[in-house]
Every structure is written in structure tokens, then in C-alpha cells.
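Asker: Please find one structure pasted underneath; my questions will follow.
Number of protein chains: 2
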Amino acid sequence: MTRERPIGVALLGCGTVGSEVVRLLLSQADELTARVGAPVVLRGIAIRRPKRHHDVPGELLTTDAASLIAREDVDVVVEVVGGIEPVRTLLLDALRAGKSVVTANKALLAENTAELAEAADASGADLYFEAAVAGAIPIVRPMRESLAGDRITRVVGILNGTTNFILSAMDSTGAGYAETLEEAGRLGYAEADPTADVDGFDAAAKAAILASLAFHTRVTAADVYREGIRDITASDIAAAKTLGCTVKLLALCERVVAEDGTERVSARVHPAMVPRNHPLASVDGAYNAVVVEGEAAGRLMFYGQGAGGAPTASAVLGDLVAVSRNLVHGGRGPRESAYADLGIAPMGETPTRYHVSMEVADRAGVLAAVAGEFAKRGVSISVVRQVGRDDGASLVVVTHTARDSALADTVAALRDSEFVNAVTSVLRVEGGTP
Amino acid sequence: MTRERPIGVALLGCGTVGSEVVRLLLSQADELTARVGAPVVLRGIAIRRPKRHHDVPGELLTTDAASLIAREDVDVVVEVVGGIEPVRTLLLDALRAGKSVVTANKALLAENTAELAEAADASGADLYFEAAVAGAIPIVRPMRESLAGDRITRVVGILNGTTNFILSAMDSTGAGYAETLEEAGRLGYAEADPTADVDGFDAAAKAAILASLAFHTRVTAADVYREGIRDITASDIAAAKTLGCTVKLLALCERVVAEDGTERVSARVHPAMVPRNHPLASVDGAYNAVVVEGEAAGRLMFYGQGAGGAPTASAVLGDLVAVSRNLVHGGRGPRESAYADLGIAPMGETPTRYHVSMEVADRAGVLAAVAGEFAKRGVSISVVRQVGRDDGASLVVVTHTARDSALADTVAALRDSEFVNAVTSVLRVEGGTP
């Protein structure tokens with residue numbers, strides 16, 4: 002079964018992930034040959050600027066990515082650079098030339114999957130991207146293939162390690178956001194510019210990819226509602242603790258039925274209270290986890306390391322073996338599946354639940370007035386807790402599910418209410434009544 | 002891309018899983034067509050005895066499986082009957098005729114994968130079996146494909162729902178084995194003859210399948226060391242609780258280095274104490290979970306429903322879509338990978354850890370004598386706990402890792418020791434020091 006010609010690989014990028022890909026390719030060469038049915042040979046590594054990489058063979062390095070990709074002995078392009086350009090153009094050229102692509106580039110996929118998939122389809126090349134979501138955790142392949150005979154209803158994940166590390170640390174130390182972010186930076190869990198992580202851009206790109214797979218619909222990063230964790234305070238975390246919850250930055254993708262009865266896709270990233278007995282609550286530190294609900298499969302959970310050189314390289318290599326097997330044995334991997342073409346549900350129409358903590362005046366009629374604001378907007382209350390204090394009282398309300406816009410409007414009205422001195426914490430609630 | 006000819010499916014078996022397969026095939030026909038690129042059409046359902054199945058179309062039923070499989074308009078055979086014969090012969094005939102097979106039959110795969118895979122290879126047909134292990138949980142595909150570029154070092158799973166239900170219930174109620182088994186039967190979690198579950202045969206078959214995939218080596222059920230849960234007592238569970246542990250029936254597959262330095266496969270099923278903070282400890286009731294450790298990926302966990310009609314049917318349908326896509330678009334799924342051909346490590350040579358509880362005489366020199374029995378066999382002790390009582394003392398020992406035979410020999414010697422009145426609980430320990 003071994004074909005004469007080896008599989009030639011061009012690697013774009015040689016950072017943390019790239020150098021691990023090189024290490025695994027070279028150290029496991031014999032095993033990979035046995036698994037693929039032909040040798041998998043690294044033809045070259047494209048880097049941006051000429052500099053020394055002590056851990057990879059110098060003769061493989063080049064700054065001319067386009068020429069490397071165009072080489073006749075290159076069959077597969079592995080991309081671990083990130084960002085949109087010049088990678089987009091390079092990968093489109095590769096796919097148009099019939100070369101299969103393995104990429105870890107969530108930002109590019111969340112913008113340009115349609116264009117990449119069309120180029121792949123036109124030439125018959127493969128496009129694999131397991132490493133783009135949740136690092137080493139197999140989630141793209143299970144959703145594209147294992148669950149292809151089921152109807153996925155909901156995907157909820159912790160997809161960003163930096164924010165999960167920060168929220169876990171805030172939960173265990175009681176410290177505020179700013180000092181915890183600083184600590185995360187010192188420990189190497191947050192970048193110098195943490196925007197992509199803490200403002201939810203990274204998780205939103207991954208949510209777009211997962212929503213596209215789950216619902217057979219093109220969902221881009223721009224379709225994903227996004228709130229980060231910058232505004233999470235120590236008192237939010239404390240409020241969650243009081244209710245037996247912890248706070249997580251969740252990526253949620255689900256089918257939502259619009260008022261006209263049509264089915265739409267809701268994709269969103271925002272912090273939420275999660276009860277401590279929920280499987281996602283115990284996902285701590287830099288770990289990732291994804292819960293997938295299928296109509297027949299029920300609830301599945303996938304857990305593991307969501308980032309880092311070796312874990313991400315494991316996912317890249319798995320894809321490289323799959324693509325290489327296809328080249329040796331014939332056949333192609335699954336293509337983009339966007340036949341369902343569902344609309345996107347605006348955040349305001351999405352059913353959510355809120356937790357609201359308030360400082361209120363300690364006088365008669367307060368609870369009635371507050372409850373009235375919820376009722377006026379059709380929001381039903383699940384739990385109310387009132388605690389008297391010297392200078393007033395604090396009131397905690399957890400709602401049942403309602404349209405997010407009705408909940409947001411209620412909070413705005415409460416901020417303006419003469420009975421409410423301050424709204425001290427507003428958080429969405431996921432996964433059962435706290 | 003849609004080919005003219007639909008994909009014809011023969012279904013063997015119409016029990017709990019089979020009727021769910023039929024329901025999903027019929028109710029999702031349009032979605033499956035969109036995903037596959039051709040209609041997937043159920044040609045017939047083979048049942049053993051002619052009887053009414055209210056939930057499937059009567060005209061599809063037949064008792065002549067061989068003729069159904071042989072039909073020219075059948076491309077794929079889906080088998081959810083179970084057992085070795087007549088299924089083995091039927092599936093070999095199907096594969097030899099170039100018809101792809103999707104099976105949920107763990108017993109058959111744990112005996113005959115080699116024979117089935119060879120028949121598939123000879124004709125170019127596909128052999129898929131996601132549903133054979135852990136029901137709806139995608140585990141076969143992640144191990145065969147997602148982790149194909151990594152080196153899997155260890156797989157630990159809870160793979161049998163019946164025994165997990167019984168052990169969870171014993172843990173929460175403190176009841177004994179016999180009465181809990183009876184309760185499980187009443188609730189439908191245990192069969193009238195529970196042997197396959199409680200003696201570990203079911204889990205051992207699944208362990209053989211996972212070990213084969215993980216280590217690229219043919220491992221059959223006969224290679225799997227097996228102990229069931231019949232002998233687990235309420236006092237075993239209580240002893241585990243005292244140490245902050247719970248008892249689980251684990252399937253373990255790992256690479257073991259033999260004394261001559263060669264690498265071997267250890268595959269085993271036995272009850273073990275697991276610390277309550279271990280991810281597998283919280284897998285309760287009829288759920289399954291599998292932890293896979295890869296050199297690059299690190300520790301991954303997969304969790305979900307391990308049995309039941311709909312969850313198992315979800316896995317079957319995912320395979321059916323994959324096989325059908327291959328027929329429409331060309332190509333084949335991954336084949337058997339057994340190139341590593343590692344030897345099997347006997348249980349005695351496998352490194353394990355023991356917990357031993359004893360009733361001992363309350364006199365000087367007891368601890369020294371007991372410790373001496375361990376030391377004599379090269380077993381190092383991790384924890385000793387001695388509790389004085391009216392009629393003697395109880396002594397609990399947790400060891401470090403040692404050869405299983407040295408540990409078993411030590412326990413035998415302790416039973417004979419004049420200082421030991423009774424050995425009250427012996428359990429292997431997994432996942433860190435309790």
C-alpha cells in the first residue's frame with residue numbers, strides 16, 4: 002500500500018506550535034510512515050524574518066513562503082502562523098493548486114471559511130482545522146464526522162485558557178480583575194496585549210467555527226455576540242459564590258426558534274454564572290472543555306488542554322496524518338456543510354437568564370416595585386433573596402428564561418428606579434437554577 | 002455532487018438500538034441526504050424471528066439476513082445484533098462482497114477484528130465501529146484519527162454503565178452488592194443474567210478494542226486481564242470513603258516496559274479506588290467516560306451516555322454518514338493499524354498500587370511484621386493508618402507502585418500471617434495517592 006512518492010509538507014510558521022510540529026514530525030517519522038502508508042517529509046519551514054531557530058534544522062528555513070508552497074514536491078501546507086494576511090492569500094493559492102491545507106488559524110477560519118472551502122472544493126484538496134478550536138481536544142472531527150448522523154442542538158464551551166485562568170484565580174483568591182490579569186501575565190498565561198483573550202475575540206472566533214459545524218450554516222466572527230471579562234468584579238464572583246456558582250467565560254451556540262417560527266442560530270460569548278455541580282464549573286486554569294448536546298446522543302463533554310505548543314501540535318499532526326492518508330489511499334475529508342443556511346438570531350431575541358444584585362432602600366414596597374419592573378417586561382422571577390443591612394438592604398434576583406432584550410431593559414429600568422440605590426452585579430446564568 | 006444512485010442500507014437487528022436507527026434514518030432523511038450527497042435508503046431490516054415491530058415499517062422486515070445483504074441495491078450493512086455467530090459469517094460475506102460495514106458489536110470486534118479488517122482490505126470496503134465502545138461518546142474516531150499523529154501512552158475508562166450504576170449506588174447508600182444488583186435489575190440497569198456486565202466481560206471487550214487502537218497492536222478480549230465487581234463489599238466502599246476515594250470498575254490500557262526493556266501492552270479491567278477529585282470519580286450512574294493520555298496532547302477526557310437506544314444509534318448514524326460519504330465521494334476510512342505489534346504484558350508484571358485493610362492483633366511488633374511482608378517483596382509503602390479498637394486494631398496500608406504479582410504475593414502472605422486476624426479489603430488504587 003505504500004506509494005513510492007513521499008508526502009511533502011510545507012510548514013508556515015515556527016513559533017511555539019510550529020517548532021513542536023517539527024519535533025513530532027522528525028522524532029516520529031517511522032511511526033507516521035507506518036500510519037500513513039508513505040513517508041511524510043518536511044520540505045521547508047517558512048518564517049517571517051530570517052533568524053536562528055535552534056530547535057529546527059536550519060537548512061529547512063526560508064522567508065519565501067510562496068515559493069515553498071509552490072514547490073512540486075509539496076503536497077500539504079501546514080499553517081501555524083495566525084492572522085489574516087498574508088496567510089489567507091498563501092492558503093488560497095495552495096488550495097487552488099490542489100494542495101491540501103491543515104491550519105490552526107481560528108481568526109482566518111472565522112472570517113474566510115467559505116472562501117477557503119470553495120477553493121478546496123474547486124481543486125479537490127482537503128481543508129482540516131482541528132487545532133483551531135480547543136487545542137488538543139478532538140472537537141472539530143467529532144462534530145464534523147462522529148455527530149454527522151445526529152442533530153446537534155447546543156454547544157457550550159470554555160474555549161479560552163487565559164480568561165479561564167483569570168476567572169479561576171479570581172474565584173479562589175477573591176482578588177479583583179486588574180491584579181489577577183497582572184498575575185496571569187507574570188505567569189505567562191496572558192499576553193502583553195490581552196485584548197484578543199479578555200475581550201472575547203479569541204473565543205468568538207472559535208464559537209463561529211463550532212456554530213458553523215453544529216448547525217450546517219455559515220457563521221462568521223461578526224455573527225457572534227461578544228462580551229469579555231474586563232468588567233467582572235470581585236463582587237460578581239462573590240455574588241456567584243453566595244448562590245453556589247462560579248463565573249466562566251462561555252461560548253454558546255444553540256438553535257433558537259424566532260417569533261415567526263423559523264429556526265435560527267444563536268452564537269455568543271459572554272461571562273455567566275455556572276452552578277458548581279455543572280460539569281463546566283470544575284474546568285479550572287488553562288483547560289478547555291466543550292459540552293455538545295445532540296438530540297440522539299444526549300449530552301457529551303470533551304475536556305483537555307486548549308492551548309500550548311505540544312497539545313496544539315498533536316491536533317495538527319492528527320490532521321496531517323488524515324490528509325496524507327487521503328493522498329495515499331484516495332478520497333477526501335468532509336467538506337464544508339452549510340446546506341441548512343439558518344439565519345442568525347440577534348442577541349436581544351436570544352433566551353437567557355439573568356442574575357441581578359442590587360442595593361435597595363430599606364422601606365416598604367421595594368420588593369413589589371422591583372418585581373414590577375421584571376413583570377412589566379414579561380420576565381418571570383425564579384429566586385429572590387433579600388438581606389437587611391444597616392444602611393439599607395441588598396436584593397438578589399435570579400430570573401427564569403426570557404428574551405435577552407427584556408432582561409437588559411429591566412436592568413436599565415432598575416438602575417433608574419428610585420427604590421434601587423445601585424445595581425451591583427448583573428450576570429447571565431447558565432446550566433440550571435443556582 | 003449528488004450521485005444518481007442512492008446508498009442502500011441493510012440493517013441487521015431491530016432491538017432498542019436498531020429501532021432508533023430506523024427512526025433516525027427515516028425522520029432525518031433530508032438532512033442525511035444533504036450531508037452525504039446522496040439519499041440514504043433503508044432497503045430492509047433482518048430480524049431473527051418474524052414478529053411485529055410496531056415502530057418500524059413492516060414491509061422492510063425479513064428473517065433472511067443473507068439474502069438482504071446480498072441484494073444488489075445494498076451498499077452498506079449496519080449490524081446491531083451482537084454476539085459472534087451468525088453475525089460474523091454475515092459480516093465477512095458482506096465485506097468480501099465489497100459492502101461496507103458499520104457495527105456496534107464489541108464482542109465480535111474483540112475476537113475477530115483481524116479477520117474482519119482483512120476481509121475489508123481485500124475488497125476495499127469500510128469497517129466502522131464507533132458504537133461498539135462507550136455508546137454516543139466519540140472515542141473510536143478520535144483515537145483512530147484525531148490522535149493519529151500523537152503517541153498514546155494510556156487509556157483509562159469507565160466503559161460499563163451497569164457496574165458503574167451499581168458502584169455509584171453502593172457508594173451513596175452504603176448498601177451491599179447483592180441488594181444493589183437487585184435494585185439495578187428492578188430499575189432496568191441490569192439484565193436478568195448480569196454476568197457480561199458484573200464480571201467485566203463487556204468492559205474487557207471494549208478495553209481490547211481501545212488498546213488495539215491506542216497501541217497499533219492486535220489485542221483481543223483474551224489478552225485482557227479481568228476482574229468484575231461481584232466481590233466488592235460494603236466495607237470495601239467504606240474503606241475507600243475513609244481514604245477520600247470511591248470505587249470504580251476501570252478499563253485500563255497502557256504501555257508497560259518489560260524487564261528486558263521491550264515495550265508491551267497492558268490491558269485490564271478491575272475495580273479500583275479512585276480519589277474523589279479525579280475526573281473519573283464524578284462519573285456517576287449509567288454514564289461512561291474515557292481519559293486518554295497522549296505524549297503531546299496531554300490528558301483528554303471524553304464523557305457521555307455509554308448505552309441506550311438513541312445514544313448508540315447516534316454513533317451508528319455518524320459512521321453510516323462517513324461510510325456513505327466515502328461511497329459518494331470516493332476514498333476509504335482508516336484501516337486496521339497493527340504495525341507496532343507489541344507483546345501483551347501479563348498482569349503479574351504490570352505496575353499497580355494496592356490498598357489493603359486488615360484486622361490485626363493489638364500487640365507490639367504487628368506493624369513491623371506487616372511492613373516486613375511488603376518490604377520482603379520489594380513493595381514500598383505510601384500510607385499506613387492504624388486504628389486501635391476493643392478487640393484488636395485495624396491497619397490500612399496503601400502502597401507505592403509495584404509489580405502486581407509482588408503485591409498479590411504480599412496479600413497472600415498477610416492472610417497467612419499470625420499477626421493478621423483478617424484481610425478485610427484489598428483494592429487496587431488508581432490516579433494519585435488517596
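Residue numbers (my numbering), protein chains in the order written: chain A, 2 to 435; chain B, 2 to 435. Cβ atoms here follow ideal geometry from the backbone N, Cα and C, with glycine treated the same way.
Answer yes or no: does any C-beta atom of chain A fall closer than 7 Å to that of residue 125 of chain B?
Answerer: Output row for residue 125 of chain B: interface = no.
Asker: Only counting the same chain, and skipping five residues up and downstream in sequence, which positions put a Cβ closer than 6 Å to that of residue 42 of chain B?
Answerer: Only 7 and 9 meet the Cβ criterion.
Asker: Could you check whether residue 129 of chain A and residue 320 of chain A sit closer than 7 Å to each other, using their CB atoms as the reference points?
Answerer: Closer than 7 Å, so yes.
Asker: Using only the alpha-carbon positions, how far apart do residue 3 of chain A and residue 332 of chain A sit?
Answerer: For residue 3 of chain A, the pLDDT reaches just 46, beneath the cut-off of 50, and the residue's location in the model is therefore unreliable, leaving the point undetermined.
Asker: Using a Cβ-Cβ cutoff of 9 Å, what residues of the segment 321-344 of chain B are near chain A? List them in chain order.
Answerer: Going along the segment 321-344 of chain B in chain order, one finds 321, 322, 323, 326, 327, 330, 331, 332, 333, 334, 335, 336, 338, 340 and 341 with a Cβ nearer than 9 Å to chain A.
Asker: Is the beta carbon of residue 160 of chain B sitting closer than 7 Å to the one on residue 135 of chain B?
Answerer: Yes, they are a contact pair.
Asker: May I ask which residues mark the beginning and end of the beta strand (DSSP E) holding residue 360 of chain B?
Answerer: Looking at the DSSP string, the run of the beta strand (DSSP E) that includes residue 360 of chain B is 355-361.
Asker: Using a Cβ-Cβ cut-off of 7 Å, state whether residue 129 of chain A counts as contacting chain B.
Answerer: No, because no Cβ of chain B sits closer than 7 Å to the Cβ of residue 129 of chain A.
Asker: Taking only three categories from DSSP, how would you classify residue 1 of chain B?
Answerer: The structure shown does not extend to residue 1 of chain B, since chain B is modelled only from 2 to 435, so the question has no answer here.
Asker: Among A:63, A:433, A:233 and A:294, which one has its Cα closest to the Cα of residue 354 of chain A?
Answerer: Among A:63, A:433, A:233 and A:294, the Cα nearest to that of residue 354 of chain A is on A:433.
Asker: Can the beta-carbon of residue 265 of chain A be found closer than 7 Å to that of residue 273 of chain A?
Answerer: Not in contact: residue 265 of chain A and residue 273 of chain A (Cβ atoms no closer than 7 Å).
Asker: Three or more beta-carbon pairs under 8 Å between the segment 112-121 of chain A and the segment 83-103 of chain B, yes or no?
Answerer: With the cut-off at 8 Å, the segment 112-121 of chain A and the segment 83-103 of chain B do not touch.
Asker: Count the other CB atoms within 10 Å of the CB of residue 52 of chain A; is the residue buried (16 or more) or exposed (fewer)?
Answerer: By the neighbour-count rule (16 or more Cβ atoms within 10 Å), residue 52 of chain A is not buried but exposed.
Asker: Please compile the residues from chain A whose C-beta is within a distance smaller than 7 Å of the C-beta of residue 20 of chain B.
Answerer: Going along chain A, no residue has its Cβ under 7 Å from residue 20 of chain B, so there is no contact; the nearest lies around 12 Å.
Asker: Closer than 8 Å, Cβ to any Cβ of chain A: which residues of the segment 25-54 of chain B, in chain order?
Answerer: Cβ contacts with chain A: 25, 29, 32, 33, 35 and 36.
Asker: Would you check if there are 3 or more beta carbon pairs closer than 8 Å linking the segment 288-300 of chain A to the segment 137-157 of chain A?
Answerer: Touching, per the Cβ criterion.
Asker: Taking the CB atoms as reference points, tell me whether residue 280 of chain B and residue 245 of chain B lie closer together than 7 Å.
Answerer: Cβ atoms of residue 280 of chain B and residue 245 of chain B: not closer than 7 Å.
Asker: State buried or exposed for residue 390 of chain A, treating a residue as buried only when at least 16 other CB atoms are found within 10 Å of its CB.
Answerer: Exposed.
Asker: Who are the Cβ neighbours of residue 257 of chain B in its own chain at under 8 Å, not counting the five residues just before and after it?
Answerer: Here the set comprises 264, 265, 266, 267, 346, 350, 351 and 352.
Asker: What residues match up with residue 249 of chain A in a beta bridge as DSSP calls it?
Answerer: BP columns for residue 249 of chain A point to A:273.
Asker: Under the three-state reduction of DSSP, which class applies to residue 290 of chain A: helix, strand or coil?
Answerer: Strand at residue 290 of chain A.
Asker: With a 10 Å radius around its C-beta and 16 neighbouring C-beta atoms as the bar for buried, classify residue 327 of chain A as buried or exposed.
Answerer: Buried: at least 16 other Cβ atoms inside 10 Å.
Asker: Quick one: what's residue 268 of chain A bridged to in DSSP?
Answerer: DSSP output for residue 268 of chain A lists A:254 as bridge partner(s).
Asker: Which value, in whole angstroms, describes the spacing of the CA atoms of residue 119 of chain B and residue 338 of chain B?
Answerer: Each residue's Cα considered, the two are about 11 Å apart.
Asker: Looking only at its chain, what residues have a beta carbon closer than 6 Å to the beta carbon of residue 200 of chain B, apart from the 5 residues adjacent to it on each side?
Answerer: These residues qualify, in order along the chain: 229.
Asker: Quick one: using the 10 Å Cβ neighbour count with 16 as the cut-off for buried, is residue 357 of chain B buried or exposed?
Answerer: Label assigned to residue 357 of chain B: buried.
Asker: Check the Cβ-Cβ distances between residue 265 of chain A and every residue of chain B, and say whether any is below 7 Å.
Answerer: No, residue 265 of chain A does not count as interfacial toward chain B.
Asker: List the residues of chain B whose Cβ lies closer than 8 Å to the Cβ of residue 152 of chain A, in chain order.
Answerer: Per Cβ cutoff of 8 Å: 29 and 32.
Asker: On the DSSP letters alone, give me the boundaries of the alpha helix (DSSP H) that residue 437 of chain B sits inside.
Answerer: Examination of residue 437 of chain B is not possible in this model, given that chain B is present from 2 through 435 alone.
Asker: Hey, out of A:37, A:26, A:427 and A:307, whose CA is closest to residue 271 of chain A's CA?
Answerer: Of A:37, A:26, A:427 and A:307, the residue nearest in Cα terms is A:427.
Asker: Run down chain B in chain order and give the residues with a C-beta less than 9 Å from the C-beta of residue 306 of chain A.
Answerer: The contacting residues are 298, 299, 300 and 301.
Asker: Taking C-beta pairs closer than 8 Å, name the residues in chain A that residue 319 of chain B reaches, listed in chain order.
Answerer: Per Cβ cutoff of 8 Å: 146, 147, 148, 149, 150 and 151.
Asker: To the nearest angstrom, how far is the alpha carbon of residue 402 of chain A from that of residue 153 of chain A?
Answerer: In a straight line, the C-alpha of residue 402 of chain A is about 21 Å away from that of residue 153 of chain A.
Asker: I'd like the list of long-range same chain contacts for residue 316 of chain B, defined as Cβ closer than 6 Å, with 5 residues on each side in sequence excluded.
Answerer: Closer than 6 Å at the Cβ level, and outside the excluded window around residue 316 of chain B, lie 131, 132 and 137.
Asker: Rounded to whole angstroms, how far is the Cβ of residue 363 of chain B from the Cβ of residue 394 of chain B, which I believe are closer than 8 Å?
Answerer: Between residue 394 of chain B and residue 363 of chain B the Cβ distance is about 5 Å, and since that is below 8 Å, they are a contact.
Asker: Any beta carbon from chain A within less than 7 Å of residue 176 of chain B's own beta carbon?
Answerer: Not closer than 7 Å to any Cβ of chain A, the Cβ of residue 176 of chain B fails to qualify, so no.
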